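Residue numbers (this note's numbering): 339 to 1467.
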């Protein structure tokens, strides 16, 4: 807390007797120890003697009455009475001082004995340390003002610091603090804490004076003048200017100071008009919140803001009016956050953590306006304030995205009309809308008052009228109200320090929920055939309790769990209850009489959570609202998992599981499921693991029922759209936008994986789980994950493989193959390899099966390159421990598969088929024939050249030659493609033909001339053909003559003419768009051309004519032609 060095001016004016009837008589002693000697003795012997009537009366007056009211009420107040009132006016509890000097709650601070970690740095802890170290001196209480000095010991980095501290107080609350340390913070500094605790713990050591005005009344003129002059002398540098100014005003008859009776006294206590509240530095609260918001969630600012919200709740629990004050200051800063305008302009959403802060803000305002002791004028002030914030354009919406279509908060009674047309067209709802609506709620209902104030409120004759909503068949009270609203009342009672009342109402609400659940079950059993015939077309609850902005189930659960886990706290006599409760002679909490036999608050809390989590509810619109549903469910389940299951809780689990399975459209696990209902996968996984050791059949029923995900079904169920009057209809044909669908599918997958793991070794259950997975899971990646999980579980290192689970894994893998066969999936190759591995583990029959039905599982390329190749590998044969006969059968299946794939996709599978069929002559010939058949139409030159090279490598040169000539017919190389990747294949084909003999070369050259127009490639082929004789390097037995082939005769003459023609055409093409930087390159090109020309018998003449022709045609390119003449004449 930022402490001001200057004490604020006193509000009260005190005067001498005679000015008016309210002035006091001035017979006062100079001073006495705090409380007087007699009182001090009484204090020290308090344990031996009863408290005096004076002290009892003075303490009550000091707590409730402003001192001015006391003075006005009595003409003369005896001095002992004044002293005891002043004495008892200082706070007597350390809890509030702790609350205003640390983020931690007072109870935790006082009860904690350790001083480790950050606790030692908290002002409250530091203040205790200063007090216990004897650093507090010169403590003086003058009226309602406490002052003293606190010495901060020197450290290695800081010198000793002596702080002057003063504290004003009124009606047991500190109303103002000042400290010379200059501390700037929301909370009191350690020096204020040390001085305050000194007064609380050592009141007998504090010198006590009556207010300074009382002392001044006793002085005559000479004494007053001496007093003033001594005061000025001691502090002349500070007060002399002020003293002179006051003297001038007093001596002026018309001055304002002379128009008022009396003079201010900062020690005289509060006036009647003063608000009685603890000191809160509003400026520092605003500055700190603004700072935290400006940091945008970094540097722990989000945590600091949550701590501030916790501080507000702590203040509310202490019934401190500063709770609402502080929240107002926080809200103003939140509304002024410049990011709100920026996000609105940019159309972006706020961060998730920041959004949660707004949610907490709205929830706190709900608690404040539902204060059961709130005055109407105060509630009216808050309502105006909330409406002002609600009307701001940038005020965040409740669902985080757009307007909600939920019914009004105060639409409480379920028997009312379900379809309120106004509720569907109402404007958008902000985070403050619910608090605004809550301002219409009140606590005057007689039945409600009886519930929260009476421990024995029951009607045991009520079984004669079971249709009424006030009591159940046992005579226990019920409370029928919109469930989130009713739970908001519970939260408000808890927040404002009424734990007993909150517990009573919570129990009534839970009993109401249980009765409602029973009635829903009975209704569905009665109308089951009719409802099942109509089909699933509507949902019973548009507004779910889990993920709701008011968190009703979380509130009930926390209220009951806190009571169950710390029953000793509940037994305390909480002051200020809403009404007079009857005292009970039972040692247990009185509300336990509304629990079943063997039932506890913990079991009731668990049952409440199960009811809420199992409720069938529609998935809300918008990303934030949907994420909140998931987050709230996970938080609630995390709390449930902390509860150890005993026999009584297992009974509740069984009971609720049966309810959930049989409650039809009211349960998310019932037979009737609306398409857009929130899925139950996460909840069912918790139920499954909890029930499995105790009731496996029931656990599997729950989990298998929860596997449904109808939102992904391709066809919506048909049926009658009519519904009973109590079911809210929704638009059935709107396609939902589920932003959390990926997370939901992951949870569905985890539920299935959990069941697979548990069902290991049980063939029947495994088959049932497999069927459920195949029916309900629609994501190939998730099914693949399940297949992998099942495979890992089935092949654990420390046990023999579980063949049944392996078959389940294989079946899931086959489903994935079928699902992804015609779609693009980047993991497809991994999936195929894994499936072959899985089939290998299952056995040879599985491998044979997938090869027999390959066309439904794999592409031809996958089947040959991965499946068949893996099957025929040595590692697979070794793994399967096959004999020769089995190996041959498996190889035959693989070769059959390869041939089928080659026929279906020869371009990609022919080479693989040839490779796989190498050891089987008939199969190999068949594969070769498939290639020949497809060569003319279905294959390109690259594929044919590749297979041709393979044939040469395998020792079939004539087949290679045949395929090479077929490839040449598909090839076309233009004049400028001198770096084409097929050039090497052309050169290889010509070399192969040349090696086979003159006839083969003669046959291939016309194909080359027709396909290749690139001069450099043709000249390269020509030279290679003239270097050796045809057939000399052949790999077969046929040999040709050793004469070199003549360039003047066919077939080389044709090749030479084509090469010369290609050079001529290329030259003209290049000269059309040539630039000077390419001149030297062009000259080199002509040099290569001359070498080819000269290979002809009249080549020199042809080349000369060619050059002369160039000079004539391109004479405009003077520089180039000059270079041509220099090189070629």
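Beta carbons are placed, not taken as given, at the ideal position from N, Cα and C, and that holds for glycine.
Just so we're clear, the structure is a prediction, and the values are computed from it rather than from any experiment.
Backbone secondary structure at residue i - three-state DSSP
i            : result
residue 1196 : coil
residue 1318 : coil
residue 294  : Because residue 294 is not part of the residues shown, which for the chain are 339 to 1467, the question remains open.
residue 514  : strand
residue 592  : coil
residue 843  : helix
residue 783  : coil
residue 1005 : strand
residue 887  : coil
residue 1031 : coil
residue 436  : helix
residue 553  : helix
residue 1450 : helix
residue 857  : helix
Limits of the unbroken alpha helix (DSSP H) element including residue i
i            : result
residue 561  : 559-572
residue 647  : 639-655
residue 985  : 985-1000
residue 1397 : 1390-1410
Cβ-based neighbour list, residue i, same chain, cut-off 8 Å, excluding 5 preceding and 5 following
i           : result
residue 616 : 434, 438, 511, 512, 513, 658, 660
Neighbourhood of residue i by C-beta, 6 Å cutoff - its chain only, sequence neighbours within 5 removed
i            : result
residue 1540 : The first residue shown for the chain is 339 and the last is 1467, placing residue 1540 beyond what the model contains.
residue 936  : 986
residue 1064 : A caution first: residue 1064 carries a pLDDT of 34, below 50, which makes its placement in the model too unreliable to give a value.
residue 847  : 817, 824
residue 1428 : 1441
residue 886  : 822
residue 1373 : Confidence in residue 1373 is poor, its pLDDT being 44 and thus under 50, which makes the residue's placement unreliable; the coordinate value appears in the next sentence. Excluding sequence neighbours, residue 1373 sits near 1295.
residue 925  : Low confidence applies to residue 925: its pLDDT is 38, below 50, so where it sits in the model is not reliable, and the reading given next is rough at best. Once the five neighbours on either side are set aside, residue 925 has no close Cβ partner at all.
residue 399  : 423
residue 1005 : 952, 954, 998
Identity of the residues DSSP links to residue i by a beta bridge
i            : result
residue 1311 : 1350
residue 815  : 809
residue 485  : 478, 504
residue 499  : 490
residue 735  : 768
residue 1015 : 956
Beta carbon proximity, residue i to chain C, threshold 8 Å
i            : result
residue 1426 : This model lacks chain C altogether; it includes just one protein chain.
Contacting residues, own chain, Cβ-Cβ under 7 Å from residue i (five flanking each side not counted)
i            : result
residue 774  : 721, 724, 725, 728
residue 1048 : 1011, 1013
residue 526  : 339, 438, 439, 461, 515
residue 1329 : 1362
Residue i: first and last residue of the uninterrupted beta strand (DSSP E) it sits in
i            : result
residue 545  : 545-547
residue 1077 : Premise fails: residue 1077 is in no beta strand (DSSP E) and is neither H nor E.
Near the ligand ADP: residue i beta-carbon under 7 Å from a heavy atom
i           : result
residue 407 : This structure lacks the ligand ADP; in fact it carries no ligand of any kind.
Kindly confirm or deny that the segment 831-843 and the segment 654-661 touch, where touching means at least three C-beta pairs closer than 8 Å.
Flag = yes, the segment 831-843 and the segment 654-661 touch.
Touching or not, the segment 1033-1044 and the segment 956-971, by the rule of three or more beta carbon pairs under 8 Å?
A contact is defined here as three or more CB-CB pairs under 8 Å, and the segment 1033-1044 fails this definition with respect to the segment 956-971.
Say whether the segment 1312-1329 touches the segment 1359-1367, bearing in mind that this needs 3 or more beta-carbon pairs closer than 8 Å, one atom from each stretch.
Cβ pair count under 8 Å is three or more, so yes.
Give a yes or no on contact between the segment 401-410 and the segment 602-622, applying the rule of three or more CB pairs nearer than 8 Å.
The segment 401-410 makes contact with the segment 602-622; the number of CB pairs closer than 8 Å reaches 3 or more.
If contact is defined by three or more beta carbon pairs under 8 Å, each pair taking one atom from either stretch, is the segment 1269-1282 in contact with the segment 1307-1323?
Contact holds: three or more Cβ-Cβ distances are below 8 Å.
Using a Cβ distance threshold of 8 Å, determine whether the segment 587-604 contacts the segment 545-554, with at least three qualifying pairs required.
Flag = yes, the segment 587-604 and the segment 545-554 touch.
Does the segment 1430-1437 come into contact with the segment 1329-1346, if we say contact requires no fewer than three beta-carbon pairs (one atom in each stretch) closer than 8 Å?
At 8 Å Cβ cutoff, the stretches do not touch.
Is it the case that the segment 489-496 contacts the segment 465-480, given that we only count it when at least three CB pairs across the two stretches are under 8 Å?
Because the criterion of three Cβ pairs below 8 Å is met, the segment 465-480 and the segment 489-496 touch.
Using 8 Å as the cut-off, can you tell me whether the segment 519-538 makes contact with the segment 493-503, which would need three or more C-beta pairs spanning the two stretches below that distance?
Output reads yes: the segment 493-503 touches the segment 519-538.
For the segment 1117-1133 against the segment 1086-1099, are there 3 or more C-beta pairs whose distance is under 8 Å?
Segments in contact, yes.
Taking contact to mean at least 3 C-beta pairs separated by less than 8 Å, is the segment 999-1008 in contact with the segment 838-852?
The segment 999-1008, when compared against the segment 838-852, does not touch it at the 8 Å Cβ threshold.
Specify whether the segment 1197-1204 and the segment 1167-1175 touch according to this definition: at least 3 beta carbon pairs, one from each stretch, less than 8 Å apart.
Result yes; three or more Cβ-Cβ pairs closer than 8 Å.
Quick check: the segment 661-671 against the segment 702-721, are there 3 or more CB pairs under 8 Å?
Judged by Cβ distances under 8 Å, the segment 661-671 makes contact with the segment 702-721, as three or more pairs qualify.
With three or more C-beta pairs closer than 8 Å as the rule, is the segment 1243-1251 touching the segment 1263-1271?
Output reads yes: the segment 1243-1251 touches the segment 1263-1271.
Between the segment 1186-1199 and the segment 1217-1224, are three or more C-beta pairs nearer than 8 Å?
Output reads no: the segment 1217-1224 does not touch the segment 1186-1199.
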